[in-house]
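With the UniProt record's numbering, the residue at position 22 of the sequence shown is 22, and numbering never jumps.
Ideal Cβ positions, reconstructed from N, Cα and C, are used throughout, including at glycine.
Below: one structure, written as C-alpha cells.
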Amino acid sequence: MIEMDVVGVRIELPSNQPLVLLKESAGTRHIPIWIGAPEASAIAFVQQGIVPPRPMTHDLLVSMVAALNHTVTEVRIVRVEDTVFHAEVVFEDGTTVSSRASDAIAIALRVPCPIYCAPQVMEDTGVEIAEADDDDGEAASPEGQANAERELKQFREFLADVEPEDFEK
1 MIEMDVVGVR IELPSNQPLV LLKESAGTRH IPIWIGAPEA SAIAFVQQGI VPPRPMTHDL
61 LVSMVAALNH TVTEVRIVRV EDTVFHAEVV FEDGTTVSSR ASDAIAIALR VPCPIYCAPQ
121 VMEDTGVEIA EADDDDGEAA SPEGQANAER ELKQFREFLA DVEPEDFEK
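Below, the structure written as C-alpha cells:
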C-alpha cells in the first residue's frame, strides 16, 4: 500500500464538481477523486480547523467509534470501479468496513490516521507531477524548476479536461 497525503479540496471547472486531491507521501503522483459537496465540506472543514457548532456526520461517527472503545487505525483506498473509488476503514482489531473514499478520507483526517492507496489504484488513476524542491528542501535548479512548472501546468490542464468517466476501464 502507498501512503497518501490530502492536498485539499478543489472545484473542477466548468462543471463546478468538487474533488479531493491526494498525493503519495513519498512521491510525485496525485489522485483526483470526484466527491459530493457534503463530503467536500467535511474534508475542507477539518483541514481548515473549522469546528461547526454541532457535530457533522463524520464527527459523530468518530465519536461513536471512540465511545465504543475502538480506534480507527488507517483507511485504504482499495479499488476503482466505474469511476467510483472504494475504500476500507480499518480498526485496531483488524476489522474492516467498506466505505466510499470521500467518507474514509473525512474520517481519517478527524482521527487522525494514515491514508493508504492500493498500488493498482495508483497505477490506474495516478497522475505524476514533479516537485519544485529537491530532497534537501533547497530550491531546484532552473532546469528542474522549469520542468516542475511545465508538469504542474500539464496537470492543471489534465484536471480541466478530465471527466469521471475517463477512469472507466
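For residue i, name the three-state secondary structure that DSSP assigns.
i, result
"A26", "coil"
"L68", "coil"
"V51", "coil"
"P32", "strand"
"A87", "strand"
"P18", "strand"
"E92", "coil"
"M1", "coil"
"V121", "helix"
"V9", "strand"
"V62", "helix"
"I129", "coil"
"V46", "helix"
Check whether the Cβ atoms of residue i and residue j lie closer than 9 angstroms to each other.
i, j, result
"I77", "M4", "yes"
"I115", "V75", "yes"
"A33", "S102", "In the sequence on display, residue 33 carries Ile and not Ala. Yes, Cβ-Cβ distance for I33 and S102 is below 9 angstroms."
"I2", "A118", "yes"
In angstroms with no decimal places, state the Cα-to-Cα distance between residue i and residue j.
i, j, result
"I50", "M56", "11 angstroms"
"P18", "A104", "16 angstroms"
"P52", "L61", "15 angstroms"
"T66", "L109", "A small fix is needed here, since residue 66 is Ala in this sequence, not Thr. If I take the Cα positions, the gap works out to 15 angstroms."
"F85", "I129", "21 angstroms"
"V121", "V20", "15 angstroms"
"S15", "T96", "34 angstroms"
"E92", "R54", "27 angstroms"
"V90", "I11", "29 angstroms"
Give me the residue from the options with the minimum Cα distance to residue i.
i, options, result
"T125", "A37, L13 and D82", "D82"
"C113", "I129, D93, E128 and V72", "V72"
"Q47", "G36, V111, L13 and N69", "V111"
"V127", "L13, I11 and R29", "R29"
"H58", "T96, R100 and D93", "R100"
"E123", "G94, I31, R10 and E88", "I31"
"P38", "L13, D93, V9 and M64", "V9"
For the ligand NAD, is there a heavy atom less than 8 angstroms away from the beta-carbon of residue i?
i, result
"P114", "As presented, the structure is devoid of all ligands, the ligand NAD included, so that no description of it is given."
Checklist entry - Would you call the stretch 41–54 and the stretch 23–31 touching, i.e. three or more CB-CB distances under 8 angstroms? => result Contact between the stretch 41–54 and the stretch 23–31 is absent, because fewer than three Cβ pairs lie under 8 angstroms.
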